[in-house]
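Trainee:
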């Protein structure tokens, strides 16, 4: 039984580690870190020193890269924390069906249809509306998909360069 | 009012004070009573008759106020009467007044004496004699005690710092003080001494049979010695009105000595006329004997009665005052070449202190438990005073037992304590001080529990004493020391022991306090570090050096280290190998005055002393030959430990890399010592290791690979040191800067190679694996390498410039590859740009044409790569848009700054060789390696790339806006020919931005744009006059601009803004400079604008006339001619200002 659990866990993704340990003191503003199991982008770091001889602590303010939710974390600067591996991939938008599923084609021509329009917070909704309207206008769009810790979401769109 | 009634009223009010509900009324009654005109008589009545203590007390206080108030109205007989009445009250009244009332009456009497002191017919001696007579008439021991108390009160009343207000001018107090000091003070002291000595020698004092007379006498002595001698420095020296005359023994060194001791120990400085009373053989021996006996009785005899304690405290106060003696009291060198009197006094003091503190552990432990804290503090004060007032050498001599005690002979020490004191004799001052310091430390004076207690105070004083001993008092010839001798080795050994104990105790205390969360301490730590002075820093240095081994991490907390580093950096910046230790007079004064503390003693002429210093100058403290090298080495070891011992504590690492190391490479002498030091090599190795850590196969790259394979990546935890990126920058910069210290070119090259080679390796590794940069580990490796490279670029100094440039030149390709690979990372992109910017900024001024060309080409490639990577464009609807805009802003700003620096690097060498035609063709970079790259070409190409990136959003950052337009103005001024030769699209883009700038609301931006326009118009004007094309085809009319040329269009923009939009005259001057050439070369267009302006006013004849007159005046007034030169510019500025004032009002109405 327990073996099965482990097995399931291992096969949830390709088995690759999705995070990377880094010392808290080395995580900068603009960098990524995992807070409460979520990949986030650090928008502010302050270092505080508690007590006369205590160790420095870093106070992180960060936003969830998928939901935009603001989170905070306090970590001693000498401790390690997890930094998520964040990938950006560009796809050409080839299809957009009524249920909001996107047809995305990568550079080598493979098409995937497992992603929906971004949603969940204001900025994502705005992006979704923009994609929808531009697609309806017949523009060719390149979408950037952000991938981290087994989660994927369309993060940006731009018009494909005109082919001369 | 009836006296009895008044008495009753006061009695009732005094009782009422004790009850809250009656308090207000009682206070009002008493105040009313104080103000009443007959208070004096009423008070005397109350004191005579009332039985209520409170009433008597109030009456005594009121008596003083009333007497002072009515003084001028009182006849002399009445004044004397008042005094006698008081005397009678305290001496003869039966029953005697209770102590609280008696002391109040005594202080009242002291005030009365002082008030009468300067009366014209006052016989001051008689007044005191009257009191003395009354005392002896009473002939009881309590009366004698009262008499002594009275004299002590008089002394206190006359001393300015303890006098009571009398509503009299300062002058009065000052004259009283001077008079008492001159005529009576010593007599008071001798009187007290006589009484106390008699009481001691007949045994009454120790047996307690004297009814406190001895204590009173000792208190009188203390009061006399606590007199504020320092102000006058001697009898009658101080004038009235608080004027303190300059020191009589002259010389600036005295002032220095005093300032150096400003926060130092207390001093008692009676003048030379006190010698017989204080220094003569046998004069005060009995005091020490008395104290020893009293002390023995309490500590050994266990007599804890208040009488015994009082006696001991009073005697100890006198002993402490004696230990603090300093100044002209001691014979100077001329009078006493061997310093016998001083030495003997010192020996007496030390022997007494030794007796008091033996055994030291008990003293310290008792104080820590809260018993006899005052003993410890008094002893510490005394030791600190002895250390700062007497030569260090005295501390080494074993002190012979005081003559009065050894044989029990001439001074007649009859007390029982002589034996013990004699047995303890023989210890040197140093051992007394050392034992006591260690004992205090062992007793926990450094723990957080001891904060604010007597133990802490005592420790501070004892540390001061050590500081005084170490600061080379021996070298002061005026104190009898040998100027060529260093600090004696015994003192150094002792100090080392003490500091070791200090550090151990401090660390133990720190460890205990480490887990207290106490946020309030943070600021205090900074302030404390700021207050670290020279010697305390030195103490800490010694401490840290003892601990710079691998145990450091467990022993010292990072916070402690951070504070220490901060203080050390400040200290090193000022004191370590300072530049002004040459043979200058100033340095000599500083060395002489700073070294010799204490009061300067006359005799040796200050001038002669200085002369000796100049010719035979010992190396200054912490100079290159005066121990500075050793201290530097120690600090470097500390820095290395700070960098490596606490991975992740960025605060400590930051202070070490960004405060301490820069301070240690600030001066050439420091650099010289750095590069010669092995510790410096260790720092370089640490940096190399930290860089290598990132490249280590077990490090990031492997982790990335491991991550890809599904393993668990643990890079940072793999044991080595890892620096945060900015630490790399700081360390590398310091390393590079130290090359300043190498004179030989070959050595310098070798050194730079050693420092930079590891960096080169890492850069190669980064560039060869671009894929890794998308991984956080790889990214941080690249960031670390780039930051280190930035440090190296910033550290460019003349001496090492060539090898540093060679390093970067050989790595240009690598950097470009890094930039390309890291295109997805904001951090890497930004850092590449900053690195290039700093490289140009620091290297440009050194470079010859060939190297400059190489650098320019590199810049060009960086710009291209940047543009090619698609950075800087903020995509639509992207997550965290504000953040992205900010990133873009930073990058674009770095680009602009880089271009600005490139402009500055153009030193004009290669101007003439560049044909104008090539600019248009040679736009493709690297279009031929033999071809020289022109600065202007680089900049314009760069601008071509940057301008599309400058969006409206970015222009809301004012810095970026200014940066761009000042660059544009500079380019148009310096290279107008190149601008004219630009391809049309680029030229039009530039003009578009210029148009934008001219309309910009920010005055600074508009001014820059106007000067750009002025430069361009002047160029066009002058070249058309010379028959050249000027802007040529660029100025052809285009439909987009309403069929006018670009200059005409911009002129219209400027005029429009000036006349119709701006309300102020801020821009008038710059606009005038631009308009003058424009008007000349675009006369037709100008006339069109003028006609338009008049056309708007049609129908308003008066206004039209007015404006057309103003226009004529503008173009011809003030002697304006058709040339663009300085004189004409000045005239035209005036014209424009006038024109605007006159026309704005008319045209804006319509």
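Protein chains in written order, with full-length UniProt numbering: chain R, 1 to 164; chain G, 1 to 1150.
Using N, Cα and C, we set each Cβ at its ideal position, and we do this for glycine too.
Nothing here was measured: the structure is a model prediction, and the numbers come from that model.
1. Along the chain, where does the alpha helix (DSSP H) that runs through residue 1064/G open and close?
2. For residue 377/G, which residues of its own chain have a beta-carbon under 7 angstroms away from its beta-carbon, when the five flanking residues on both sides are left out?
3. Would you call the stretch 71–88 of chain R and the stretch 639–654 of chain G in contact, with 3 or more CB pairs under 8 angstroms?
4. With DSSP as the reference, label residue 1068/G as helix, strand or coil.
5. For residue 59/R, which residues in chain G fall below 7 angstroms Cβ to Cβ?
6. Suppose contacts are defined by Cβ-Cβ distances below 8 angstroms. Is residue 759/G in contact with residue 798/G by that definition?
7. Residues in the same chain with beta-carbon distance under 8 angstroms from residue 363/G, minus the five sequence neighbours each way, listed in chain order, please.
8. For a contact defined as C-beta to C-beta under 8 angstroms, what are the partners of residue 722/G on chain R?
9. Taking the DSSP output, what are the residues bridged to residue 428/G?
10. Using only alpha-carbon positions, find the residue among 644/G, 671/G, 659/G, 656/G that is nearest to residue 685/G.
11. Can you name the start and end residues of the beta strand (DSSP E) that residue 101/R belongs to?
12. Based on the DSSP secondary-structure assignment, which residues constitute the bridge partners of residue 48/R?
13. Rounding to the nearest angstrom, what Cα-Cα distance links residue 82/R and residue 1010/G in this structure?
14. Tell me the DSSP bridge mates of residue 33/R?
15. Can you pull the chain R neighbours of residue 775/G, defined as C-beta to C-beta under 8 angstroms?
16. Is residue 893/G helix, strand or coil by DSSP?
17. In the DSSP assignment, the alpha helix (DSSP H) including residue 293/G goes from what residue to what residue?
18. For residue 1082/G, does the three-state DSSP call read helix, strand or coil?
19. Thinking C-alpha only, which one of 1063/G, 1035/G, 1066/G, 1039/G is nearest residue 1051/G?
20. Is there contact between the stretch 1120–1139 of chain G and the stretch 1089–1106 of chain G, where contact requires at least three CB pairs shorter than 8 angstroms?
21. Can you find a C-beta in chain A that's less than 8 angstroms from the C-beta of residue 47/R?
22. Determine, using beta-carbon pairs with one atom in the stretch 275–288 of chain G and one in the stretch 315–329 of chain G, whether at least three such pairs fall under 8 angstroms.
23. Applying a beta-carbon distance threshold of less than 7 angstroms, which residues of chain G neighbour residue 88/R?
24. Determine which residues share a DSSP beta bridge with residue 268/G and list them.
25. Are there 16 or more other CB atoms within 10 angstroms of the CB of residue 108/G, so buried, or fewer, so exposed?
26. Taking a contact to mean a Cβ-Cβ separation below 8 angstroms, would you say residue 752/G touches residue 800/G in this structure?
27. Output, in sequence order along the chain, the residues in the stretch 124–155 of chain R whose CB is closer than 7 angstroms to any CB in chain G.
28. Alpha carbon to alpha carbon, how far is residue 827/G from residue 19/R? Give it in angstroms, no decimals.
29. Could you work out which residues of chain R lie near residue 827/G, taking near to mean beta carbons separated by less than 8 angstroms?
30. Given this structure, state the Cα-to-Cα distance separating residue 773/G from residue 935/G, to the nearest angstrom.
31. Does the CB of residue 559/G have a neighbour CB from chain R at under 8 angstroms?
32. Among the residues of its own chain, which have a CB less than 8 angstroms from the CB of residue 1140/G, if the five just before and after it don't count?
33. In whole angstroms, what is the alpha-carbon distance linking residue 1142/G and residue 1115/G?
34. Do the CB positions of residue 151/G and residue 176/G come within less than 8 angstroms of each other?
35. Could you spell out the range, first to last residue, of the beta strand (DSSP E) harbouring residue 112/R?
36. Would you mind giving the Cβ-Cβ distance between residue 146/R and residue 152/R, rounded to the nearest angstrom? I have them listed as a contact below 8 angstroms.
Mentor: Reading it off the structure:
1. Taken as a continuous stretch (DSSP letters only), residue 1064/G belongs to no alpha helix (DSSP H), as it is neither H nor E.
2. 454, 457, 458
3. yes
4. helix
5. Neighbours of residue 59/R on chain G: none; closest Cβ ~13 angstroms, over 7 angstroms.
6. no
7. 356, 357, 372, 375, 376, 379, 436, 439
8. 23, 26
9. 398/G
10. 644/G
11. 101–105
12. 57/R
13. 53 angstroms
14. 40/R
15. 20, 85
16. helix
17. 285–299
18. coil
19. 1035/G
20. no
21. Protein chains R and G are contained in the structure displayed, whereas chain A is not.
22. yes
23. 824
24. 325/G
25. buried
26. yes
27. 126, 127, 130, 155
28. 19 angstroms
29. 28, 30, 31
30. 32 angstroms
31. yes
32. 1058, 1059, 1065, 1068
33. 14 angstroms
34. no
35. 111–116
36. 7 angstroms
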